[in-house]
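Chemist: Take a look at this one; I'll ask things after.
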């Protein structure tokens with residue numbers, strides 16, 4: 001059984017807690033795209049964990065975790081992330097963590113280039129996390145990338161680094177007017193962190209193919225959400241990889257296989273980190289109250305998230321492009337303080353009501369059309385069965401289900417692993 005857990009909106013939907021929960025039903029969990037530019041927050045009996053690169057299944061010792069060829073890996077960040085987890089008692093060995101030899105390495109010069117470009121753009125900056133993601137993916141597609149498998153042939157690696165640095169320094173010195181970067185420094189960095197990670201590197205495609213033949217359950221874990229997808233998101237304010245479920249088998253290493261089920265994750269309200277159009281955005285005290293109630297600060301960056309009511313237009317679009325079979329609705333408990341709950345039911349563009357998610361300049365001109373539905377105004381964090389939920393909370397879930405035309409199977413009522421309700 002091949003299952004994907006993906007974001008329906010702008011990211012930060014709570015995918016990590018759902019992967020951690022449902023990993024129990026799977027022998028293998030795969031990250032198939034992205035780098036350390038987003039975070040998954042997981043709370044369990046060992047404590048609170050923020051995972052940027054590691055698959056969320058790493059917190060279950062019986063699960064094998066795959067970092068696929070579709071990922072871009074900052075090795076220094078990964079080594080430090082692994083240490084933070086092992087210091088808390090999490091076991092990480094080559095038996096339960098496997099890194100694709102085809103995954104691209106996010107180099108220090110990618111991080112620098114990201115920062116230099118954001119500085120150059122000034123007020124027109126993309127709102128990047130400045131972790132080099134766009135530039136490492138750019139190099140991948142310009143065939144100038146360095147892959148994890150390259151670590152095993154140092155002579156060939158050194159020659160490749162020399163060639164790449166000649167190209168990079170032409171940009172660093174010529175466009176950004178910054179000092180040239182030394183190939184020797186890049187090799188030292190590769191040696192330092194590559195030697196630690198080489199035992200984990202293998203051809204994960206072979207491993208996954210054998211797992212499929214054995215009938216094992218495999219879960220694919222996405223980073224960010226549909227609206228940050230390089231093709232279907234709010235371009236150019238997107239990530240630089242495909243966050244769409246259909247890409248999961250490709251980015252993991254088994255492109256000949258197809259998904260059996262896709263679980264989409266969306267919050268009971270809307271959040272967004274970074275720049276770009278966010279039509280449902282709320283401001284002022286109303287926004288401040290929602291942000292504080294939900295603890296809405298980026299897991300990777302600590303940046304305050306932009307917040308808004310549930311966005312029907314964006315969520316319906318996200319469900320469609322993700323091919324979601326079912327939905328997990330997270331953070332329902334956060335709305336418990338509200339007497340009336342805001343829902344963005346449509347957009348207004350140039351004086352007309354719009355129900356389908358627009359792109360380009362039309363999205364920039366979109367204004368939210370809000371309606372308010374009754375809240376339940378009581379704590380739901382202890383609910384574990386549908387009948388435990390207040391009637392108004394059940395009505396809200398049914399309303400969101402109807403508006404997005406996708407069945408809601410799980411409702412999260414807290415950050416802890418067991419704090420959820422299975423609706424059917």
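Residue numbers (the working numbering): 1 to 424.
Beta carbons: idealized from backbone N, C-alpha and C, even for Gly.
As the structure is a prediction and not an experimental result, all values here were calculated from the model.
1. Would residue 29 and residue 322 be called neighbours here (beta carbons separated by less than 8 Å)?
2. Using a Cβ distance threshold of 8 Å, determine whether the stretch 371 to 385 contacts the stretch 224 to 238, with at least three qualifying pairs required.
3. Looking only at its own chain, which residues have a Cβ that is under 6 Å from the Cβ of residue 296, when we skip the five neighbours before and after it?
4. Report yes if the C-beta distance between residue 264 and residue 218 is below 8 Å; otherwise report no.
5. Output the boundary residues of the beta strand (DSSP E) element that contains residue 271.
6. Return the bridge partner residues of residue 285 from the DSSP annotation.
7. Determine, using beta-carbon pairs with one atom in the stretch 33 to 49 and one in the stretch 406 to 417, whether at least three such pairs fall under 8 Å.
8. Tell me the start and end of each unbroken beta strand (DSSP E) in the stretch 273 to 347 that is at least 3 residues and wholly inside, in chain order.
9. Please confirm whether residue 101 and residue 201 have their CB atoms less than 8 Å apart.
10. For residue 2, count neighbouring Cβ atoms within 10 angstroms of its own Cβ and tell me buried if that reaches 16, exposed if not.
11. Say whether the stretch 249 to 256 touches the stretch 58 to 69, bearing in mind that this needs 3 or more beta-carbon pairs closer than 8 Å, one atom from each stretch.
12. Helix, strand or coil for residue 403, going by three-state DSSP, please let me know.
13. I'd like to confirm the pairing. Which residues does DSSP put opposite residue 374 in its beta bridges?
14. Return the chain-ordered list of same chain residues with a C-beta closer than 6 Å to the C-beta of residue 425, the five sequence neighbours on each side being excluded.
15. Any idea if residue 13 is buried or exposed, counting beta-carbon neighbours within 10 angstroms, 16 or more meaning buried?
16. Per DSSP, residue 30 forms a beta bridge with which residues?
17. Assuming residue 209 is part of the alpha helix (DSSP H), what are its boundary residues?
18. DSSP state of residue 111, grouped into three classes?
19. In whole angstroms, give me the CA-to-CA distance for residue 289 and residue 343.
20. Using only CA atoms, which one of 51, 85 and 401 lies nearest to residue 267?
21. With a threshold of 16 other CB atoms inside 10 Å of the CB of residue 121, please say whether the residue is buried or exposed.
22. Measure the CB-CB distance between residue 404 and residue 334 and report whether it falls below 8 Å.
23. Identify, in the order they occur along the chain, each residue of the same chain with its Cβ nearer than 8 Å to the Cβ of residue 303, setting aside the five sequence neighbours on each side.
24. Please tell me whether residue 34 and residue 73 are closer than 8 Å, where the distance is taken between their beta carbons.
25. For a minimum of 4 consecutive residues, which ranges assigned as the alpha helix (DSSP H) are wholly contained in the stretch 99 to 175?
26. Which two residues bound the contiguous beta strand (DSSP E) that contains residue 71?
27. So the candidates are 164, 9 and 424; which of them puts its Cα closest to the Cα of residue 182?
28. Taking just the CA atoms, how far does residue 60 sit from residue 96?
29. Thinking residue 89 and residue 113 are a contact (beta carbons under 8 Å), I'd like their distance in whole angstroms, please.
30. Taking the beta strand (DSSP E) that residue 247 belongs to, which residues open and close that run?
31. Here's a check: name, in chain order, each residue in its chain whose Cβ is nearer than 6 Å to the Cβ of residue 94, leaving out the five neighbours to either side.
32. Helix, strand or coil, according to DSSP, for residue 353 in the structure here?
33. On a Cα-Cα basis, can you pick out the residue from 125, 283, 359 and 211 that is closest to residue 229?
34. By the 10 Å Cβ neighbour count, where 16 or more other Cβ atoms means buried, how is residue 427 classified, buried or exposed?
Modeler: Walking through what the data contain:
1. Not a contact, by the Cβ cut-off of 8 Å.
2. Verdict: no, contact absent.
3. 271, 305 and 307, listed in sequence order.
4. No, they are not a contact pair.
5. From DSSP, the beta strand (DSSP E) with residue 271 extends over 270 to 272.
6. According to DSSP, residue 285 bridges with nothing at all.
7. Note that the stretch 33 to 49 touches the stretch 406 to 417; at least 3 beta-carbon pairs, one per stretch, sit closer than 8 Å.
8. The stretch 273 to 347 contains these whole beta strand (DSSP E) runs: 306 to 308 and 326 to 330.
9. Result yes, Cβ atoms of residue 101 and residue 201 sit closer than 8 Å.
10. It is buried - the Cβ of residue 2 has at least 16 other Cβ atoms within 10 Å.
11. With a cut-off of 8 Å on Cβ pairs, the stretch 249 to 256 is in contact with the stretch 58 to 69, counting three or more such pairs.
12. Looking at residue 403 - three-state DSSP - the assignment turns out to be helix.
13. Residue pairing by DSSP places residue 374 opposite 340 in a beta bridge.
14. Residue 425 is absent from the structure shown; the chain starts at 1 and stops at 424.
15. Answer is buried; the Cβ neighbour count reaches 16.
16. Beta-bridge analysis with DSSP links residue 30 to 66 and 220.
17. For residue 209, the uninterrupted alpha helix (DSSP H) segment begins and ends at 204 to 213.
18. Correct three-state label for residue 111: helix.
19. The alpha-carbon separation between residue 289 and residue 343 amounts to approximately 16 Å.
20. Of the listed residues, the one whose Cα sits closest to residue 267 is 401.
21. Classification of residue 121: exposed, given that the 10 Å Cβ count is below 16.
22. In this structure, residue 334 does not lie closer than 8 Å to residue 404 by Cβ.
23. So the list reads 273, 274 and 297, once near-sequence residues are dropped.
24. Result no, Cβ atoms of residue 34 and residue 73 do not sit closer than 8 Å.
25. Taking only runs of at least 4 residues, the alpha helix (DSSP H) segments lying wholly in the stretch 99 to 175 are 108 to 121, 133 to 141 and 154 to 174.
26. Counting along the chain, residue 71 falls outside any beta strand (DSSP E), and DSSP gives it neither H nor E.
27. That would be 164, whose Cα lies nearest to the Cα of residue 182.
28. CA-CA distance, residue 96 to residue 60, rounds to 9 Å.
29. The Cβ separation is near 37 Å, so there is no contact.
30. DSSP places residue 247 in no beta strand (DSSP E); its state is neither H nor E.
31. For residue 94, the CB contacts under 6 Å within the same chain, skipping 5 residues up- and downstream, are 199 and 200 in chain order.
32. In the three-state scheme derived from DSSP, where H, G and I count as helix and E and B as strand, residue 353 is classed as strand.
33. Nearest C-alpha to residue 229: 359.
34. Because the chain in this structure spans residues 1 to 424, residue 427 falls outside the shown range and cannot be described.
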